[in-house]
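K.L.:
Chains X and Z supply the protein sequences, listed in that same order. According to this note's numbering, the first sequence is numbered sequentially starting from 2. According to this note's numbering, the second sequence is numbered sequentially starting from 6. Ideal Cβ placement from N, Cα and C applies to all residues, glycine included. Remember, predicted model here, so these are calculated numbers, not experimental data.
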Amino acid sequence: MVTIHPMSISTLNSYRPKLCTLPRSGNRPPRTTRYKVFAKTPTFAVLSDPHVLRLAETLEDSITSSSSSASPPPPLQKLRDISSQSLLSTPWPTRKDEPFRFTDTSFIKNSDIQPIPPSSTQSVASLSVLADNLFPSLTIVDGYLADSLSQLSELPDGVFVGALSRLSSENIMEKVSKYVSSFQGDLFWSLNGVGAPDVIVVYVPEGCKVESPLHLRFLSLDGSDKDSKTLPISNPRVLVLVEKGGEISIVEEYTDGDGSDRCYWTNSVMEVVIGDGAKVSHSYIQTQSLGAAHVKWTSVRQESTSVYKFAEVSTGGKLSRHNVHVQQVGPDTVTELSTFHLSVGDQLQDLHSKLVFDHPRGFSRQLHKCIVAHSLGQAVFDGNVQVNRDAQQTDAGQLTRSLLLEPRATVNVKPNLQIIADDVKCSHGAAISDLEENQLFYFQARGIDLEVARRALIFSFAAEVIESIPETSVQKKVQSLIKDLLDPALASREEKK
Amino acid sequence: MALFTPSFSCRIPTSTSPQRHRFLLSHRTFAPRATLAVETPSSSTADHGGAPKLLLEVKDLTAIIAESKQPILKGVNLTVHEGEVHAVMGKNGSGKSTFAKVLVGHPDYEITGGSVTYKGQDLLEMEPEERAVAGLFMSFQSPVEIPGVSNIDFLNMAYNAQRRKLGLPELGPIEFYGYVAPKLEIVNMKVDFLNRNVNEGFSGGEKKRNEILQLAVLGAELAILDEIDSGLDVDALRDVAKAVNGLLTPKNSENGRIVKTGDISIAEILEKEGYKAISGI
Numbered sequence: 002m003v004t005i006h007p008m009s010i011s012t013l014n015s016y017r018p019k020l021c022t023l024p025r026s027g028n029r030p031p032r033t034t035r036y037k038v039f040a041k042t043p044t045f046a047v048l049s050d051p052h053v054l055r056l057a058e059t060l061e062d063s064i065t066s067s068s069s070s071a072s073p074p075p076p077l078q079k080l081r082d083i084s085s086q087s088l089l090s091t092p093w094p095t096r097k098d099e100p101f102r103f104t105d106t107s108f109i110k111n112s113d114i115q116p117i118p119p120s121s122t123q124s125v126a127s128l129s130v131l132a133d134n135l136f137p138s139l140t141i142v143d144g145y146l147a148d149s150l151s152q153l154s155e156l157p158d159g160v161f162v163g164a165l166s167r168l169s170s171e172n173i174m175e176k177v178s179k180y181v182s183s184f185q186g187d188l189f190w191s192l193n194g195v196g197a198p199d200v201i202v203v204y205v206p207e208g209c210k211v212e213s214p215l216h217l218r219f220l221s222l223d224g225s226d227k228d229s230k231t232l233p234i235s236n237p238r239v240l241v242l243v244e245k246g247g248e249i250s251i252v253e254e255y256t257d258g259d260g261s262d263r264c265y266w267t268n269s270v271m272e273v274v275i276g277d278g279a280k281v282s283h284s285y286i287q288t289q290s291l292g293a294a295h296v297k298w299t300s301v302r303q304e305s306t307s308v309y310k311f312a313e314v315s316t317g318g319k320l321s322r323h324n325v326h327v328q329q330v331g332p333d334t335v336t337e338l339s340t341f342h343l344s345v346g347d348q349l350q351d352l353h354s355k356l357v358f359d360h361p362r363g364f365s366r367q368l369h370k371c372i373v374a375h376s377l378g379q380a381v382f383d384g385n386v387q388v389n390r391d392a393q394q395t396d397a398g399q400l401t402r403s404l405l406l407e408p409r410a411t412v413n414v415k416p417n418l419q420i421i422a423d424d425v426k427c428s429h430g431a432a433i434s435d436l437e438e439n440q441l442f443y444f445q446a447r448g449i450d451l452e453v454a455r456r457a458l459i460f461s462f463a464a465e466v467i468e469s470i471p472e473t474s475v476q477k478k479v480q481s482l483i484k485d486l487l488d489p490a491l492a493s494r495e496e497k498k
Numbered sequence: 006m007a008l009f010t011p012s013f014s015c016r017i018p019t020s021t022s023p024q025r026h027r028f029l030l031s032h033r034t035f036a037p038r039a040t041l042a043v044e045t046p047s048s049s050t051a052d053h054g055g056a057p058k059l060l061l062e063v064k065d066l067t068a069i070i071a072e073s074k075q076p077i078l079k080g081v082n083l084t085v086h087e088g089e090v091h092a093v094m095g096k097n098g099s100g101k102s103t104f105a106k107v108l109v110g111h112p113d114y115e116i117t118g119g120s121v122t123y124k125g126q127d128l129l130e131m132e133p134e135e136r137a138v139a140g141l142f143m144s145f146q147s148p149v150e151i152p153g154v155s156n157i158d159f160l161n162m163a164y165n166a167q168r169r170k171l172g173l174p175e176l177g178p179i180e181f182y183g184y185v186a187p188k189l190e191i192v193n194m195k196v197d198f199l200n201r202n203v204n205e206g207f208s209g210g211e212k213k214r215n216e217i218l219q220l221a222v223l224g225a226e227l228a229i230l231d232e233i234d235s236g237l238d239v240d241a242l243r244d245v246a247k248a249v250n251g252l253l254t255p256k257n258s259e260n261g262r263i264v265k266t267g268d269i270s271i272a273e274i275l276e277k278e279g280y281k282a283i284s285g286i
């Protein structure tokens, strides 16, 4: 790891040699070492991307101008320093980089990215969007915590949910400091680290079981017109820290205020640290506007005998990219990932997941499903499972199924297992199809006509993932959401026939 | 090779119709494998003297596998009147299941010749779902699993499709539950059977019971039971046989059925001693 000094991008920028404007592709490593993209290069200046540095500078400026005079808490400063440092050597990804081979981010790159200032979010108090809220909840508007829309009274003693800047406990602060940005992601991860105005901390002390699910609601209110080139960016960041034996259920929801197709960019990061024997259940619902870019990182660290259950439903965004990284740091962990992506318009839904096993007897089940119901729609899945030398008796299963409902609808799937240990049980499967003929016929043979049968089968496709969401109310909400999205998509399909 | 070898064939006179029920009840081992192999001459209608109504008439039916163009059915004739029970027999791969699937309109097969008349209509012109609502029911040899669709929703959809056809109002989930719950007793299953996904993770016996449950809910004028007994243990076989008989007797006792099996022993008995030998008389 490079030694970190508190140093900002602008300072470092001045050291940047002029050479850096050379075409980046000239320095691209060959395909076979594609994962090296993440690695730190000592000669960072050569790889600096002027576009990235400009963006980092803009974000940095917005943070210094918006925050109060008080210096940020040490963990936040540390996060910013690490992130600035890594941005110096991280170019904007192109489709020549393996992790972005099928995901074209030029839409974001070519926009005029503007950090959203906190002042523009003061008018939200009048919002009545929280009427359906049953859980203890925290609302984050355009990346800033909105106290007036948060309700945290039901939490047990010792549990802390709130902004890092308002964390008074030395003890928790120390732990946060240990884990904040203990992982290194890609460019977007680091941009978030530089641009995050604060860190939302969810801390569950040892042995504490939080009974009611915690609802983290991320609203995107600031957005630009479809035709304008500006792209307002928000950088929410969450750290979930569950100590030994603790339990919590988190519902993380991203949505726009009013269902229009305004353009904005949510660049979000969540880090989850799960202690020995602790359990985290995590539901993630993404229903951003169809003009939005949504980039999300979820990085999970699982200590021994911990359980992490994750269920995702993503339907929004023009470009939606989710990176899930689960790292096992002790034996006997249980990991369950269920994800459902839906593209009903000209949109891209991307899931890049990586599970790394380094200890014995890990167990994982991953199910990824996606439906592309538009001829310009696209879905991408890259599911990596890495079983390293010491991870004996790992039991890892992965299955992905994609449903293409329109001609020219696209899906790119890349399930991949890397197994070094020799006593493991691993499986993976990938299927891309229209609906199953024999299932359709079974409906018909019972007198149900083809269109009704198709609908029933399309809705049922997502059911498996939706059922893995533990909260019934969320399940119901998601079901009707998917129905509302699919109904018009299927109706237009019928008209065409 | 033709599907129905003449040596296996015999014909039931209409008068055997009461015996049939006795047979189904009394012969446990062979219970659902009722009677007859077919090579019905098309003139057979004359034997019945016009008393029972003609339900299904298959003439010189030929069919191929749609994908490979391999011929499977090479001129099949079968006439079923109301109230008759027929058994179709033959070796594995001789085309029994194909014949059943062709009758209900499975897309894997292409009809290349012959005609099928069902209740006076040209069956081959009808869509599979039209055939179903017209009262033609086939139980699948291997029922299809449909994850994500619950059994009760599936039954409700099918039942409502039928009610729409009859011009009756559709039943909502709660009303339908009231209708379907008592039917579970017929197949000796618990209520949670309805909340499970259609055939998903069902045992062989449960799948077959589920087929019969569908038959019980939807009713049928002509039921084709494709190896309804295979994969069942003694108890399940008893339940299923009882259910089939129960469905036969009350209001639909006049239904014709084609009950099929590939069992050789029953064929041998039939060949040597005729139908009465296994009918328990």
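(1) Where does the unbroken alpha helix (DSSP H) through residue 334 of chain X begin, and where does it stop?
(2) What separation, rounded to the nearest whole angstrom, lies between the Cα atoms of residue 405 of chain X and residue 228 of chain Z?
(3) Say whether the segment 163-181 of chain X touches the segment 210-222 of chain X, bearing in mind that this needs 3 or more beta-carbon pairs closer than 8 Å, one atom from each stretch.
(4) Applying the 10 Å Cβ sphere with the 16-neighbour rule, what's the burial state of residue 75 of chain Z?
(5) When burial is assigned at 16 or more other CB atoms within 10 Å of the CB, is residue 76 of chain X buried or exposed?
(6) In or out: residue 292 of chain X buried (at least 16 other Cβ within 10 Å) or exposed?
(7) Residues in the same chain with beta-carbon distance under 7 Å from residue 259 of chain Z, minus the five sequence neighbours each way, listed in chain order, please.
(8) Please compile the residues from chain X whose C-beta is within a distance smaller than 7 Å of the C-beta of residue 111 of chain Z.
(9) Applying a beta-carbon distance threshold of less than 7 Å, which residues of chain X neighbour residue 72 of chain Z?
(10) Name, going along the chain, the residues of the segment 146-167 of chain Z whose beta-carbon falls closer than 7 Å to a beta-carbon of chain X.
(11) With DSSP run on the structure shown, which of helix, strand or coil describes residue 170 of chain Z?
(12) To the nearest angstrom, report how far apart residue 89 of chain X and residue 63 of chain X are at their CA atoms.
(13) Compare the C-beta of residue 219 of chain Z with all C-beta atoms of chain C and state if any pair is closer than 8 Å.
(14) How many angstroms separate the CA atom of residue 368 of chain X from the CA atom of residue 339 of chain X?
(15) One question on the structure: do residue 121 of chain Z and residue 66 of chain Z come within less than 8 Å of each other, judged by their Cβ atoms?
(16) Just the C-alpha distance for residue 68 of chain Z and residue 117 of chain Z, rounded to the nearest angstrom, thanks.
(17) Name the one or two DSSP bridge partners that residue 204 of chain X has.
(18) Pull out every residue of the segment 58-91 of chain Z whose Cβ sits closer than 9 Å to any Cβ of chain X, in chain order.
(19) Between residue 422 of chain X and chain Z, is any beta-carbon pair separated by less than 8 Å?
(20) Name the chain X residues that come within less than 7 Å of residue 353 of chain Z, Cβ to Cβ?
(21) Please name the residues in the segment 455-467 of chain X whose beta-carbon is closer than 8 Å to at least one beta-carbon of chain Z, in chain order.
(22) Which of the three DSSP states, helix, strand or coil, is assigned to residue 530 of chain X?
(23) From the DSSP output, in three-state form, read off residue 265 of chain X for me.
(24) Please find out if some non-hydrogen atom of the ligand ADP comes closer than 7 Å to the beta-carbon of residue 110 of chain Z.
(25) For residue 136 of chain Z, is the classification buried or exposed, using 16 other Cβ atoms within 10 angstroms of its Cβ as the cut-off for buried?
(26) Mind checking residue 290 of chain Z: buried by the 16 CB within 10 Å criterion, or exposed?
(27) Which partner residues does residue 355 of chain X have in the DSSP bridge list?
(28) So, does the CB of residue 449 of chain X fall closer than 8 Å to a CB anywhere in chain Z?
(29) Chain Z partners of residue 439 of chain X, CB-CB under 7 Å?
(30) Cβ closer than 7 Å: which chain Z residues qualify as neighbours of residue 453 of chain X?
(31) Report the three-state DSSP secondary structure of residue 287 of chain X (helix, strand or coil).
(32) Any beta carbon from chain X within less than 8 Å of residue 187 of chain Z's own beta carbon?
(33) If you run the structure through DSSP and keep just helix, strand and coil, what is residue 67 of chain Z?
(34) Look at residue 144 of chain Z and residue 230 of chain Z and say whether their C-beta atoms are less than 8 Å apart.
(35) Kindly list the residues whose CB is nearer than 8 Å to the CB of residue 412 of chain X, restricted to its own chain and excluding five residues on each side of it in sequence; keep chain order.
(36) Verify whether the separation of the beta carbon atoms of residue 161 of chain Z and residue 142 of chain Z is less than 8 Å.
P.N.:
Once the coordinates are examined:
(1) First-last for residue 334 of chain X: undefined, no H or E at that position.
(2) Residue 405 of chain X and residue 228 of chain Z have their C-alpha atoms spaced approximately 36 Å apart.
(3) no
(4) Label assigned to residue 75 of chain Z: exposed.
(5) buried
(6) Around the beta carbon of residue 292 of chain X, a 10 Å sphere encloses 16 or more other beta carbons of the protein chains shown; the residue is thus reported as buried.
(7) The predicted position of residue 259 of chain Z is uncertain, since its pLDDT is 43 and thus under 50; a value taken from the coordinates is nonetheless stated next. Closer than 7 Å at Cβ, skipping near neighbours: 87, 88.
(8) 442
(9) Ordered by position in chain X, no residue passes the 7 Å Cβ test against residue 72 of chain Z, which lies about 11 Å from the chain.
(10) 149, 151, 152, 153, 154, 162, 163, 166, 167
(11) helix
(12) Distance between the alpha carbons of residue 89 of chain X and residue 63 of chain X: 19 Å.
(13) No chain C appears in this structure, whose protein chains are X and Z.
(14) 5 Å
(15) yes
(16) 5 Å
(17) For residue 204 of chain X, which the question treats as bridged, DSSP gives the partners X/161, X/242.
(18) none
(19) no
(20) It is not possible to answer for residue 353 of chain Z, since the shown part of chain Z is limited to 6 through 286.
(21) 457, 458, 460, 461, 462, 463, 464, 465
(22) Because chain X spans 2 through 498 in this model, residue 530 of chain X falls outside it and cannot be assessed.
(23) coil
(24) As for the ligand ADP, it is missing from this structure, which has no ligand bound.
(25) buried
(26) Any question about residue 290 of chain Z goes unanswered here, given that chain Z covers just 6 to 286.
(27) X/326, X/385
(28) Chain Z places a beta carbon closer than 8 Å to that of residue 449 of chain X, counting this residue as a contact.
(29) 149
(30) The contacting residues are 162.
(31) strand
(32) It does not; no Cβ of chain X falls within 8 Å.
(33) strand
(34) For the 8 Å CB-CB criterion, residue 144 of chain Z and residue 230 of chain Z form a contact.
(35) 371, 373, 379, 380, 381, 382, 403, 405, 433
(36) No, these two residues do not count as a Cβ contact at 8 Å.
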